[in-house]
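Chains as they are written, first to last, in the working numbering: chain A, 5 to 142; chain B, 143 to 453.
Quick notes on the structure that follows.
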Amino acid sequence: MNLMTIQRYKNEIILMTTFIFSIYAVYYKFSANKYVNENKIIIQKQINEINAIEGYKKQWTDKAMAKKVKIFKTIVSSSKVKLFSKKSSKVVASYINLTSSELNKITNKLLNIPIQIIKLQVKEISKNKFTMEFTCKW
Amino acid sequence: MNLTAKSNSKLLIHKNMKHIISLDQNSIDIILTPNFYTFIREELDLKFNYQAKQIAESLFDDYVTDSHEYQYHVYKCDQHWCFIAYNINEIDTFLTSVGIEKHQVSKIYFTQQLLDLIEFPILLDEESVLENIDNTITLVPKFLMNPAIEYAPLDMSSFKLKGGATMSSSLNSYVSLKETLMLGSIFCILGTVSILEGNRIKASISKEDAKLTELLDENPRYTSSLSRQSILEKYKPIDQIERAKRSTIKDISKLLSNKSQLKLLSIEKNRIKAEIITNNQRINKQVKEHARAKKFKVSGASLTVKVEKSL
Numbered sequence: 005m006n007l008m009t010i011q012r013y014k015n016e017i018i019l020m021t022t023f024i025f026s027i028y029a030v031y032y033k034f035s036a037n038k039y040v041n042e043n044k045i046i047i048q049k050q051i052n053e054i055n056a057i058e059g060y061k062k063q064w065t066d067k068a069m070a071k072k073v074k075i076f077k078t079i080v081s082s083s084k085v086k087l088f089s090k091k092s093s094k095v096v097a098s099y100i101n102l103t104s105s106e107l108n109k110i111t112n113k114l115l116n117i118p119i120q121i122i123k124l125q126v127k128e129i130s131k132n133k134f135t136m137e138f139t140c141k142w
Numbered sequence: 143m144n145l146t147a148k149s150n151s152k153l154l155i156h157k158n159m160k161h162i163i164s165l166d167q168n169s170i171d172i173i174l175t176p177n178f179y180t181f182i183r184e185e186l187d188l189k190f191n192y193q194a195k196q197i198a199e200s201l202f203d204d205y206v207t208d209s210h211e212y213q214y215h216v217y218k219c220d221q222h223w224c225f226i227a228y229n230i231n232e233i234d235t236f237l238t239s240v241g242i243e244k245h246q247v248s249k250i251y252f253t254q255q256l257l258d259l260i261e262f263p264i265l266l267d268e269e270s271v272l273e274n275i276d277n278t279i280t281l282v283p284k285f286l287m288n289p290a291i292e293y294a295p296l297d298m299s300s301f302k303l304k305g306g307a308t309m310s311s312s313l314n315s316y317v318s319l320k321e322t323l324m325l326g327s328i329f330c331i332l333g334t335v336s337i338l339e340g341n342r343i344k345a346s347i348s349k350e351d352a353k354l355t356e357l358l359d360e361n362p363r364y365t366s367s368l369s370r371q372s373i374l375e376k377y378k379p380i381d382q383i384e385r386a387k388r389s390t391i392k393d394i395s396k397l398l399s400n401k402s403q404l405k406l407l408s409i410e411k412n413r414i415k416a417e418i419i420t421n422n423q424r425i426n427k428q429v430k431e432h433a434r435a436k437k438f439k440v441s442g443a444s445l446t447v448k449v450e451k452s453l
């Protein structure tokens with residue numbers, strides 16, 4: 005295409021160029037829209053999954069739990085603590101002669117810390133006297 | 143004097159001009175003699191060029207034939223409006239016949255626009271003379287002129303012209319310059335708006351994208367979706383069951399009162415059991431109803447209520 009031909013059809017060339025530019029731009033916009041629609045859900049899902057994992061891990065495998073569970077050794081008088089054993093990430097405790105309020109205190113504490121209750125047994129042995137055993141892990 | 147000689151990219155076009163062998167420049171301006179146009183000067187109360195252009199066609203009704211399509215050029219001349227009608231096809235045919243391609247022509251001017259420059263007659267060729275008669279540039283046969291008259295030269299490089307018609311807009315292109323500018327602008331605006339909009343849309347997830355990148359940088363092993371799913375599958379049931387255990391114990395505690403005492407509570411292998419002793423049958427019935435409402439499996443005889451739930 006020589007210079008004369010370009011000059012002769014310059015209007016058409018300008019028009020064609022701007023038309024192609026606008027078509028490309030519209031295509032770019034729709035591609036961007038499609039990309040966002042497809043990826044927004046995926047990205048959000050990935051963020052939610054990672055946040056959920058982090059949340060679960062923080063909650064159910066808390067490294068500081070080993071210290072927190074020590075409270076079950078001192079929560080009632082030592083005479084009522086029949087057994088308290090903490091090994092690795094597991095705690096086993098057994099109590100005797102608990103009053104209702106003591107039982108409630110231990111139960112509330114147990115329910116309010118994020119620890120997996122493997123086994124729990126509460127028995128009334130006499131009027132307002134209870135025994136309690138539990139095995140938990142984290 | 144050779145008026146058809148090329149001078150500073152301006153070329154005077156008249157009927158008896160010689161054939162042009164070659165043009166040195168790709169783009170030239172042409173000045174048409176009155177052979178190629180019809181001129182009218184009118185005193186009109188108009189302010190703008192476009193207003194004059196709107197009425198141009200009607201002004202030439204009695205001067206041009208309907209068999210040809212005419213283009214109109216309008217400009218303000220002192221206190222008047224000057225109207226020029228020309229047939230671009232006729233001009234094009236003539237230009238081709240003298241060796242000028244239409245795409246080589248950039249602008250078209252008219253000798254009427256040289257009014258101030260043509261004070262004395264100018265000899266075009268052996269037969270015709272260009273003369274200013276009552277402020278109208280006219281072609282006059284040479285034999286009507288006084289033989290003793292001296293003709294003035296016209297130096298094409300000595301003046302600049304303004305306000306010509308565009309050849310390309312009239313003929314060269316399938317699309318006129320006006321349409322090109324209008325449509326081109328629309329396409330450009332549409333394109334620019336689309337690109338800006340596209341960038342805005344893309345930027346709308348950049349925040350989430352950056353957050354995800356940051357999270358993955360902190361925890362590279364979560365990059366794999368299989369790894370994430372595997373970890374979630376491990377923790378999700380623990381979370382659900384532990385929450386259910388706590389919720390169930392709270393439900394059991396709501397069944398207890400002064401008249402309904404806990405006898406036994408056990409959690410083992412995702413199964414929760416409780417045994418409650420009530421004071422009388424009425425309380426027993428109430429506790430059972432509440433337990434059933436909380437979807438416990440209820441049993442027990444006499445004043446004992448046994449509730450059970452599998453998680």
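The beta carbon of each residue, even a glycine, is placed where N, CA and C say it ideally should be.
For residue i and residue j, I'd like the C-alpha separation in whole angstroms.
| i | j | result |
| --- | --- | --- |
| K109 (chain A) | R370 (chain B) | 38 Å |
| N191 (chain B) | V216 (chain B) | 7 Å |
| K349 (chain B) | E137 (chain A) | 50 Å |
| V73 (chain A) | V95 (chain A) | 7 Å |
| I46 (chain A) | E53 (chain A) | 10 Å |
| L482 (chain B) | R385 (chain B) | One cannot answer for residue 482 (chain B) here, as it falls past the ends of chain B, which runs 143 to 453. |
| K320 (chain B) | Q254 (chain B) | 25 Å |
| Y377 (chain B) | S26 (chain A) | 51 Å |
| S452 (chain B) | L124 (chain A) | 15 Å |
| V282 (chain B) | D171 (chain B) | 24 Å |
| L445 (chain B) | S104 (chain A) | 21 Å |
| L357 (chain B) | I51 (chain A) | 8 Å |
| T175 (chain B) | I328 (chain B) | 38 Å |
| S130 (chain A) | L406 (chain B) | 12 Å |
| Y293 (chain B) | C224 (chain B) | 26 Å |
| L332 (chain B) | T308 (chain B) | 28 Å |
| S372 (chain B) | K44 (chain A) | 23 Å |
| L374 (chain B) | I57 (chain A) | 6 Å |
| L114 (chain A) | E360 (chain B) | 32 Å |
| G305 (chain B) | Y251 (chain B) | 8 Å |
| I394 (chain B) | N55 (chain A) | 33 Å |
| I380 (chain B) | A29 (chain A) | 51 Å |
| D220 (chain B) | A198 (chain B) | 18 Å |
| A147 (chain B) | Y31 (chain A) | Residue confidence is low: A147 (chain B) scores 39 on pLDDT, short of 50, so the model does not pin down where it sits. No coordinate-derived value is stated. |
| W142 (chain A) | I419 (chain B) | 34 Å |
| T22 (chain A) | M298 (chain B) | 38 Å |
| V247 (chain B) | S151 (chain B) | 10 Å |
Can you tell me whether residue i is buried or exposed? The criterion is at least 16 other CB atoms within 10 Å of its CB, across all chains shown.
| i | result |
| --- | --- |
| F285 (chain B) | exposed |
| E128 (chain A) | buried |
| E417 (chain B) | buried |
| S336 (chain B) | buried |
| L201 (chain B) | buried |
| F181 (chain B) | buried |
| H222 (chain B) | exposed |
| C140 (chain A) | buried |
| H161 (chain B) | exposed |
| K91 (chain A) | exposed |
| F301 (chain B) | exposed |
Within its chain, find whatever has a CB closer than 7 Å to the CB of residue i; leave out the 5 residues flanking it on each side and keep chain order.
| i | result |
| --- | --- |
| I18 (chain A) | none |
| R363 (chain B) | S369 |
| L188 (chain B) | A194, W223 |
| F438 (chain B) | V449, E450, K451 |
| I291 (chain B) | P263 |
Apart from the five residues just before and just after residue i, which ones in its own chain have a Cβ nearer than 6 Å to its Cβ?
| i | result |
| --- | --- |
| T492 (chain B) | Limits of chain B in this structure are 143 at one end and 453 at the other, which puts residue 492 (chain B) out of reach. |
| N314 (chain B) | A caution first: N314 (chain B) carries a pLDDT of 49, below 50, which makes its placement in the model unreliable, though a value can still be read off. Same-chain partners within the cutoff: K244, H245. |
| E106 (chain A) | V80 |
Relative to the ligand GTP, is the shortest distance from any of its heavy atoms to the C-beta of residue i smaller than 6 Å?
| i | result |
| --- | --- |
| S151 (chain B) | Inclusion of the ligand GTP in the displayed structure is not the case, the ligand content being empty and no account of it being possible. |
Enumerate in chain order the residues of its own chain whose CB-to-CB distance from residue i is below 8 Å, with the five nearest sequence positions on each side excluded.
| i | result |
| --- | --- |
| I117 (chain A) | M69, K72, V73 |
| E232 (chain B) | F178, H210 |
| V40 (chain A) | none |
| E261 (chain B) | N274, A294 |
| K133 (chain A) | N101, L102, T103 |
According to a CB-to-CB cut-off of less than 7 Å, which residues of the region 347-377 of chain B neighbour chain A?
I347, E350, D351, K353, L354, L357, N361, Y364, R370, I373, L374, Y377
Of all the residues that make up the region 14-34 of chain A, which are near chain B by a beta-carbon distance shorter than 9 Å?
K14, N15, E16, I18, L19, T21, T22, F23, I24, F25, S26, I27, Y28, A29, V30, Y31, Y32, K33, F34
Residue ranges of each beta strand (DSSP E) run of no fewer than 3 residues wholly in the region 364-417 of chain B, ordered along the chain?
402-410
Inside the region 316-363 of chain B only - alpha helix (DSSP H) runs reaching at least 4 residues:
319-345, 348-360
If the cut-off is 7 Å on Cβ atoms, which residues from the region 72-101 of chain A count as contacting chain B, listed in chain order?
none
Between the region 271-291 of chain B and chain A, which residues of the former have a C-beta closer than 7 Å to a C-beta of the latter?
none
For the region 46-60 of chain A, which residues have a CB atom closer than 7 Å to at least one CB atom of chain B, in sequence order?
I47, Q48, Q50, I51, E53, I54, A56, I57, Y60
Could you name each continuous beta strand (DSSP E) segment of 3 residues or more that falls completely within the region 275-304 of chain B, going from the start of the chain to the end?
278-283
Completely contained alpha helix (DSSP H) runs for the region 203-286 of chain B, where each covers 4 or more residues:
230-239
Going residue by residue through the region 63-133 of chain A, where are the continuous beta strand (DSSP E) segments of at least 3 residues, counting only ones entirely within it?
85-91, 94-102, 120-130
Note down, in chain order, all residues in the region 376-409 of chain B with a beta-carbon under 9 Å from any beta-carbon belonging to chain A.
K376, Y377, K378, I380, D381, I383, E384, K387, R388, I391, K392, S395, Q403, L404, K405, L406, L407, S408, I409
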